[in-house]
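First up is the structure itself, then whatever we jot down about it.
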Amino acid sequence: MTPVNVASSLFFESPQSIFVRVHREIRPRTPVPPVLVEYKQFANADSHVRLEEGAITVRITDLLEGAPAPVTEALAHILLGKLYRNPAARQYEHRYRLYLNRRDIRKQISLVRQTRGRKVHLGAQGSVYNLEEVFEELNGQYFGGMMARPGLGWSHVRSRTRLGHFDPSHHMIMISRIFDDTRAPRLALDYVMFHEMLHLHYPVDHSGTRRCVHTPEFKAHEKLFPYFEEAKALLKKMW
Ligand SMILES: [Zn+2]
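Given below as C-alpha cells:
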C-alpha cells in the first residue's frame, strides 16, 4: 500500500467500506459478501438491511447521508448486528442515538416526517365516537377550555399496544381504533385522550439521549383525572 492510500483512507472512508470493515470485525471468519449501501428518501429516520442471494443491501435514510464516519460506523454495527441477531455493543447504540438527538438532526427528522409522512389516520369522526367531541368535553372539564385543538384521528390499525399517541411533528393526537367500538367504555377512551392531551400540555423534554416523556409533573397531573384508577382497571379488562 502506498502512503497516499493510507492517508486517503484515514481522511475518507466510504459508507460501503465502513460496512465491509465492520463486517470483518464482527464476523472475522466469514468472507464478506458484496455490500451495497444506498441512501433513500424514507418518511422517517429508519434504515434497513437485507441479506439476499448472498449479497447485503443496506438502505439508509438520506437524513444520514452527511453523517460523520463514526456515526455511519455505529449504524453499521447496529444493522449488521440485527442481520446476524447479535445486538451491537451499547457504545454504538449510544453514539447513534446521540447523533439523532442533535437539535439540527431532530429538526430535519421532524420536517421529513411532515412533508413525506403519509396520512396514517382515519379522521376524527369514527363510527361510534367523534374525537373532536371527546377532546372538547375534556378540554372544558379539565383545561378550562383553553387548550387549542390539535389534529385528531383514529388509527388505521386496531392497536392494543399503542392506545394513543401525540405526534408533535404533525401536531396530532392519534387514538387506537379499538376504542371506536360500542363495547369500548367511553371512560377508557376519555382516559387515553386525557393522557395524550397532557403530552400536549407538557412538551417533551429532550435531555441527552433520553426522551423524558412522562415527567413526575406529568404523572401527578394525570392522577387528577377523577376516574384514574377506574379507567386503568377498565383498560386492563379490555384485553
Ligand atoms: Zn404517554
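Under the numbering used here, think of the first position of the sequence shown as 1, with each following residue one higher.
Just so it is clear, CB atoms sit at the ideal spot from N, CA and C, and this is done for glycine as well.
Everything numeric in this text was worked out from a predicted model, so none of it was measured.
If you draw a straight line from the Cα of Phe12 to the Cα of Val37, it is about 16 Å long.
Taking a cut-off of 8 Å on C-beta distances, the segment 166–181 touches the segment 142–154, as three or more cross pairs fall below it.
If you look at Glu217, you'll find it in the alpha helix (DSSP H) that goes Pro216 to Glu222. In this structure, Ile109 is the residue among Arg24, Ile109 and Asn101 with its C-alpha nearest to the C-alpha of Gln41. Three or more beta-carbon pairs separated by less than 8 Å are not found between the segment 23–35 and the segment 90–99, which leaves the two stretches without contact. Counting only runs of 3 or more residues that sit fully inside the segment 161–208, the beta strand (DSSP E) segments are 164–167, 172–175 and 205–207, in chain order. Taking 7 Å as the cut-off, the beta carbon of Thr57 is found no closer than this to the beta carbon of Ala45. Residue environment: Leu111 is assigned as exposed (fewer than 16 neighbouring CB atoms within 10 Å of its CB, all protein chains considered).
Excluding sequence positions up to five before and after Pro185, its CB lies within less than 7 Å of the CB of Leu234, all in the same chain and listed in chain order. Separation of Ala74 and Tyr92 (C-alpha to C-alpha, rounded to the nearest whole angstrom) is 5 Å.
Look at Glu13 here: in three-state DSSP terms it is coil, with no helix or strand label.
According to DSSP, Asn130 shares a beta bridge with Gln125. Relative to the Cα of Val35, the nearest Cα in the group Pro68, Leu83 and Val71 belongs to Leu83. The distance from the Cβ of Tyr129 to that of Phe194 is about 14 Å, inconsistent with a contact at the 8 Å cut-off. Summarising the contact set, residues whose Cβ lies nearer than 6 Å to any heavy atom of ligand 1 are, in chain order, His195, His199, Val213 and His214. Here Arg177 is buried. Its C-beta has 16 or more other C-beta atoms within 10 Å. Bridge partners of Lys237 according to DSSP: none are assigned.
For a cut-off of 8 Å, the C-beta gap from Met197 to Leu138 is around 6 Å, short enough to register as a contact. Rounded to whole angstroms, the separation of the alpha carbons of Ile78 and Arg85 is 10 Å. Within the same chain, and ignoring the five residues on either side of Val192 in sequence, the residues whose Cβ sits closer than 7 Å to its Cβ are Leu163, Gly164, Ile175 and Phe179.
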